[in-house]
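Chemist: Quick note on our numbering: the sequence shown kicks off at 1467 and runs consecutively.
I have a structure I would like to understand better, so I am pasting it below and will then ask my questions one at a time.
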Amino acid sequence: MNQPPLLLRPQELDLVRAILRAHVPTHTVWAFGSRAGGQPKLHSDLDLAIIGTAPLPLGTLAKLRDAFDEADLPWRVDLVDWAQASAAFRQIIARNRVVVQEANEEKDVESGGVGGATTSSAR
1467 MNQPPLLLRP QELDLVRAIL RAHVPTHTVW AFGSRAGGQP KLHSDLDLAI IGTAPLPLGT
1527 LAKLRDAFDE ADLPWRVDLV DWAQASAAFR QIIARNRVVV QEANEEKDVE SGGVGGATTS
1587 SAR
């Protein structure tokens, strides 16, 4: 399946992926909205859906939000927990998604698989 382009500069995408790998390595993450193949304005936010069957632990979500708030990005990142999104919203997200990160089941966060991060995975 051809997916639309993710409208970010390479260094911005690298930073987004590094933050995701540090906090949610075992989750697939999709971008959606104007930066996912739409027509973003200069400071349009980046919408990310964290895909999973169980809700993300609140601590994980808070640390992820904090990491994006502190990151050197010229726009805001909005996070959606797929497991808590309505069916209607999931359809909107899935319609024009761009895969930002594939789930990496091999990285066991509790054993330090991502550089000593202490976030536990939602299994």
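We put the beta carbon where it would ideally sit given N, CA and C, even for glycine.
Note that this is a predicted model, so its numbers are computed, not measured.
I'd like to know if the region 1492–1507 and the region 1530–1538 are in contact, where contact means that at least 3 CB-CB pairs between them fall below 8 Å.
Modeler: No, the region 1492–1507 does not touch the region 1530–1538.
Chemist: When you compare each of Phe1555, Ala1549, Arg1487 and Gln1550 to Ala1569 by their alpha carbons, which one comes out closest?
Modeler: Taking only the C-alpha atoms, the option nearest Ala1569 is Arg1487.
Chemist: Determine whether the beta carbon atoms of Ile1558 and Trp1496 lie at a separation below 8 Å.
Modeler: Cβ atoms of Ile1558 and Trp1496: not closer than 8 Å.
Chemist: Report the three-state DSSP secondary structure of Ser1577 (helix, strand or coil).
Modeler: With a pLDDT of 32 at Ser1577, under the threshold of 50, the modelled position of this residue cannot be trusted, and the question is left open.
Chemist: What is the DSSP secondary structure of Thr1526, counted as helix, strand or coil?
Modeler: Note: Thr1526 maps to helix in three-state DSSP.
Chemist: Checking 8 Å against the spacing of the C-beta atoms, do Leu1545 and Arg1531 come in under that value?
Modeler: It is a contact, given that the beta carbons lie within the stated cut-off.
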